[in-house]
Amino acid sequence: MNPVAFDRVDAYDPGYLVVHDGRIESIGSADPRPQFPDAEFLDFNGDAILPGFVDTHVHLPQFAIMGLGSESLLDWLDRLTYPEEARFSDPEYARLISESFFDALLANGTTCASVYCSIHEHATDIAFEAARSRGIRAFIGKAMMDRHAPPPLLEDTGEAVDASIRLHEKWDGANGGRLRYVFTPRFAGSCSMELMQRTGNAAKERNAFIQTHLSENKAEVDWIRSLFPERSSYTDVYDFAGLLGRRTIVAHCIHLSNGEIGRLSETETNIAFCPYSNRTLRSGVMPFARLRDAGLKVGLGSDVSGGPSLSMFRQMGEASNSTWMSPRSALYLATLGGAEALNVADRTGNFAPGKDADFVIVDHRRTDPIPGKGAYNSPDHVLSRLCYRADSDCIRDVYLTGHRV
Ligand code: GUN
Ligand code: ZN
C-alpha cells in the first residue's frame, strides 16, 4: 500500500517492491523478476507492505510511565512525568530506557520519529547512540527548561542553550543524515523568554529544527497568558521568540484562534496531531479541518506517554474517530504527512523511487474476524481494519534501508 496524497492510497495486489542499495527502485503489480534475474526474492505470503510509520511527537523519558495517569496536563506533568524524567540523571537508567524505547518504536513499525529527551545532555547522547546502533531515522532533542519545574529538572538558561548547541554539533546529520538534532524548548510554561529567544537565534544560525508544545489544554493556555501578559496569544509568545518557521513542529494546537492559525500558516510552521494523547489527557479535539484548510502540514504523533501507545495504527484510529477523516487520510498522516511535516518527504513516507527502503510487513489477517476465510479483503477493507483494529502484534517485520531489523 502506497500513500500518495491526503485521500489516496495506491494498492497493488499482487504487489512487488524492488529495492536496490537501500533505496526504493520501483513498485507495481507486474512481476519484475525477469528484469532482475540475479536479485534476491522474498515472498511475504499475502501480508501487506506499508511504508515505515512516522511518529512526529514522542517522549523517550516517558516510556516507562506509558499508560499511567489520565488527569489533565499540568497535574500529570507534576505528579508523574517530571519525577520520572528526573531519573535520567542516572546514565544507566537512561541507557536501559533508550534501548527499550527504540526497540519498541521499531516493533511498532515506526521507522522515523521526532523525539524529546529529558533535560540531561548525557541522556540525550545515550538516546542518539541507541538510535544510531539501530539505524532508525530520528530527530532527537534535549528538552530545555529554566523555570516552573522541580529543581532537579531546572537548568541555567545559558547552559541549556550551550548544551543543545554541543549536541547539535555532535549529532546533527550523523549516520548518513538519518539522525538530526532538534532544538527542544519544552513549552512556554517551562521556558523563560530569554531561553526561547536564544534558542530561536541558535536554531536560525544553524538552519536547525525546533519542536515544542502549543495550546494543548485550557488551563495551560490561561497560565501561559498570565506568564506573558504582554503577548497577544500563546502562538505570539513563540512568534516573538523567533521559534516559528518551516523547520519547526508544534504539538497539539487544540485551542487556537483564527489569528493564531493564520500566523502558523504564514510562518509555515508544522503540526503534530496527537489524538490519542488529546483524549487520554482530556485536552480536547484538535481542529484538524481548520488547520488543514489553512494550508498547514500535519503529521501524527503518539505523544507517549500523554498517549498510552506507540502504535501508529492506534493513532490512526483515534485520528479518524475524533475528526471523521477516512482511513486513507489517517494512513497518509501516519506516513507521508508526517514526513512532510518533518521536512523529510524526499527520503521517507512512501514508496516513491529513490527514497530509503524503510518499510513494514503487516499481517493484516489478524484484524479479520475470520482470519484467512473472510470475504472482505479489498484494499479498502484491509486498510479500514488496520486503522480501527490493528496493533503492534500485526507488525511482522521491519526493514530499514532494505535491511531486516
Ligand atoms: N507540555 C509540556 N510538556 C509536555 C509533555 O511532556 N507532554 C505533553 N503532552 N504536553 C506537554
Ligand atoms: Zn508531548
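One point on numbering: in the working numbering, the residue at position 189 of the sequence shown is 1507, and numbering is uninterrupted.
We put the beta carbon where it would ideally sit given N, CA and C, even for glycine.
- Fully enclosed beta strand (DSSP E) runs of no fewer than 3 residues occupy 1497–1503, 1527–1532 of the segment 1472–1538, in order along the chain.
- When the alpha-carbon of Leu1513 is set against those of Leu1497, Thr1530, Tyr1499, the nearest one is in Thr1530.
- Secondary structure of Cys1705 (DSSP, three-state): helix.
- The three-state reading of DSSP puts Ala1569 in strand, counting E and B together.
- In the DSSP annotation of this structure, Leu1660 is not part of any beta strand (DSSP E), being labelled neither H nor E.
- Boundaries of the alpha helix (DSSP H) harbouring Glu1439: 1439–1452, taken from the DSSP string.
- Comparing alpha carbon positions, the residue from Gly1364, Gln1353, Phe1371 closest to Ala1663 is Phe1371.
- If you check the C-beta of Phe1505 against the ligand GUN, you find a heavy atom less than 6 Å away.
- Here Leu1471 really is in contact with Ala1404; their C-beta atoms are around 6 Å apart, less than 8 Å.
- Under the three-state reduction of DSSP, Tyr1434 is assigned to strand.
- Ile1688 counts as exposed, since fewer than 16 other beta carbons sit within 10 angstroms of its beta carbon.
- Residue list for the ligand ZN: His1375, His1377, His1531, Ala1569, Asp1621, Gly1624 (CB closer than 6 Å to any heavy atom, chain order).
- Residues of the same chain with a CB within less than 8 Å of the CB of Ile1528, apart from the 5 flanking positions on each side, are Val1500, Phe1501, Thr1502, Pro1503, Thr1517, Gly1518, Ala1521, Leu1561, Gly1563, Arg1565, Thr1566, Ile1567 in chain order.
- The beta carbons of His1570 and Val1539 sit no closer together than 7 Å.
- The alpha-carbon of Ala1607 is positioned some 45 Å away from that of Ala1357.
- One Cα belongs to Glu1473, the other to Leu1545, and the distance between them is close to 19 Å.
- Shortest Cα-Cα distance from Lys1460 to any of Phe1406, Met1511, Gly1491 involves Phe1406.
- Where Leu1368 is concerned, the enclosing beta strand (DSSP E) starts and stops at 1366–1369.
- The C-alpha of Phe1359 lies about 16 Å from the C-alpha of Val1678.
- Scanning its chain for C-beta atoms nearer than 6 Å, with the 5 sequence neighbours on each side dropped, one finds around Thr1585 the residues Leu1562, Gly1563, in chain order.
- When the Cα atoms are used, Asp1361 and Trp1394 turn out to be separated by approximately 46 Å.
- The continuous stretches of beta strand (DSSP E) do not include Ile1688, and DSSP gives it neither H nor E.
- With a minimum length of 3 residues, the unbroken runs of beta strand (DSSP E) contained wholly in the segment 1325–1352 fall at 1326–1328, 1334–1338, 1341–1346.
- For the alpha helix (DSSP H) assignment, the uninterrupted runs of no fewer than 4 residues enclosed by the segment 1566–1639 are, from N- to C-terminal side, 1576–1584, 1593–1598, 1606–1611.
- Per the coordinates, the alpha-carbon of Arg1543 lies some 30 Å from the alpha-carbon of Gly1656.
- Residue Thr1685 holds the alpha-carbon nearest to the alpha-carbon of Asp1709 among Val1327, Thr1685, Pro1697, Leu1718.
- If you draw a straight line from the Cα of Glu1658 to the Cα of Arg1341, it comes to about 19 Å.
- Across the structure, Ala1637 and Asp1611 are spaced so that their CA atoms are roughly 17 Å apart.
- Take Arg1722, set aside five residues on each side of it, and the residues of its chain with a beta-carbon closer than 7 Å to its own are Asp1715, in chain order.
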